[in-house]
Amino acid sequence: MKELKKVIVHTKIKSYPVFIGADNLKSLPGLIKKYNLPKRVFIIIDRKVELFHAKSFKKVLNVFTGKKYFLSLTSSERIKSLRTAQNIFTKLSDQNFSRDTLILAIGGGTIGDVAGFAASTYMRGVPLVHVPTTLLSAVDSSIGGKTGINFGEAKNLVGTFYQPEFVITNTNFFNSLPDKEFISGLGEIIKYSYLTDGEFYSDLLSKQNLLLNRDLDYLKKVVYECIKLKSAIVAKDEKEIIGIRKILNFGHTFAHAFESNSAYRISHGKAVMAGIISALFLSFKKGLINSQQLEQMIKLPLKFRSSIRLKDFDEKEIFRLLSYDKKNKQGMPTFVLIKDYGEILIDVNANRKEIQWALNKTRKELV
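Note that the sequence shown ends on residue 457 in our numbering; no numbers are left out.
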């Protein structure tokens, strides 16, 4: 096996590595031993991942000599709930897992979010390791320590900041992802391309075919760059106290409303791409970017237009859902908008007419 690429995520609380490579699952037992983590392992795993990769995981996990317990969950936004958290706590308690327990989260973003929330709160916190199996979770949700569950109509309204001991990203998983899941992961990757200089954006725009064809070498490079970028942002603002980390929410205010409006039938990554388009239109309407910038900046997400089609939506309903966003101030939606590549503005106010204009332009592009 080739030497694994590694990115160190530095936070005030702790620093931890993210390992990136192909066929790196076999390193899991050795890493758990190296970092002196508990041998009693409670595994929360995506049911589909368990079905398709059971042989690989069991071969690796059979190396553990301590107690093991598998809890399979069907991955969807619906599992990010108090009910699921209660189910996890019940299983942990019934199986006599105490503080000397490692929670191993194997799956996509929803698995990682709810497993992380459980790990951060069970007995006031037990060690956590992420094994992201989707492109989206590999480049985004497994890094940075955000956990969360949905409450009512609000996404991620309840949650914690809780860093894992380490993360193992196995790029081989990307080959088996359904097209829908793979495209979803591209939403977060595209988001990152606006947060740095225009080179990353231009590279993705010119090599979109390598992405769509799942060229493994190019994907490794892209995943590595995204993780480096996110880890640098998290290091500066772990808990969104000074605001820098909020730039990672570019496109997300609209995206969360689109997700809620569809009863989560639209994937998070696709909603992010749609949300980026709305945020670009709103940035133009607010006078932050000119028409030439808009035309160039919107090219990349529109390359995937056929994959991110939205069902028609009621602008008033979207506006109502925007009012639930946890980033709001004084009950009014605020947005992360763009002035140029790498120049992202946070907490930008917009009036109802400006928001409706951006939504109407989005409808014309995507409905």
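Note that CB positions come from ideal geometry on N, CA and C, so glycine has one too.
Check whether residue i and residue j have beta carbons under 9 Å apart
i, j, result
"L400", "I356", "yes"
"I379", "D437", "no"
"I257", "P128", "Reading off the sequence shown, one finds Val at residue 257, where the question assumed Ile. Cβ atoms of V257 and P128: not closer than 9 Å."
"R189", "K158", "no"
"L192", "I122", "yes"
"N260", "L115", "yes"
"A208", "A175", "yes"
"V426", "I233", "no"
"D136", "I178", "no"
"L226", "G197", "no"
"I103", "A205", "no"
"Y284", "I398", "no"
"M387", "Y291", "yes"
"S166", "Y314", "no"
"S231", "D203", "yes"
Nearest neighbour of residue i, chosen from the options [CA to CA]
i, options, result
"V324", "V97, T101 and T211", "T101"
"A322", "L338, L384 and L309", "L338"
"K406", "K376, W447 and L392", "W447"
"L449", "R168, G377, E433 and I367", "I367"
"H342", "M363, N439 and G333", "M363"
"G120", "S105, V97 and T155", "T155"
"E455", "G432, R335, S396 and P254", "S396"
Spatial distance of residue i from residue j (CA atoms)
i, j, result
"D415", "G238", "14 Å"
"K92", "F403", "Per-residue confidence for K92 stands at a pLDDT of 48, beneath the threshold of 50, marking its modelled position as unreliable; the derived number appears in the next sentence. Using only the alpha carbons, I get a separation of about 48 Å."
"N262", "C316", "17 Å"
"L390", "N186", "50 Å"
"K318", "F340", "18 Å"
"H346", "F394", "19 Å"
"S352", "V248", "21 Å"
"D184", "F272", "37 Å"
"A440", "Y125", "47 Å"
"K96", "L172", "34 Å"
"P423", "S413", "6 Å"
"I408", "L118", "43 Å"
"A287", "T224", "What sits at residue 287 in the sequence shown is Asp, not Ala. Taking the straight line joining both Cα atoms gives about 26 Å."
"Y252", "G235", "5 Å"
"V457", "K451", "10 Å"
"I110", "L301", "17 Å"
"K320", "T180", "34 Å"
heavy atom of the ligand MN below 8 Å from residue i C-beta
i, result
"V313", "The ligand MN is not part of this structure, which contains no ligands at all."
Cβ-Cβ separation, residue j to residue i (assumed contact under 8 Å), whole Å
i, j, result
"A361", "F348", "4 Å"
"L370", "E444", "Not confirmed; about 13 Å, so no contact."
"L89", "V153", "Because the chain spans 91 through 457 in this model, residue 89 falls outside it and cannot be assessed."
"L309", "S350", "L309 to S350, Cβ: 30 Å. No contact."
Contact between the segment 233 to 251 and the segment 271 to 280 (3+ Cβ pairs under 8 Å):
no
Touch test, the segment 289 to 305 against the segment 139 to 159, Cβ-Cβ under 8 Å, three pairs minimum
no
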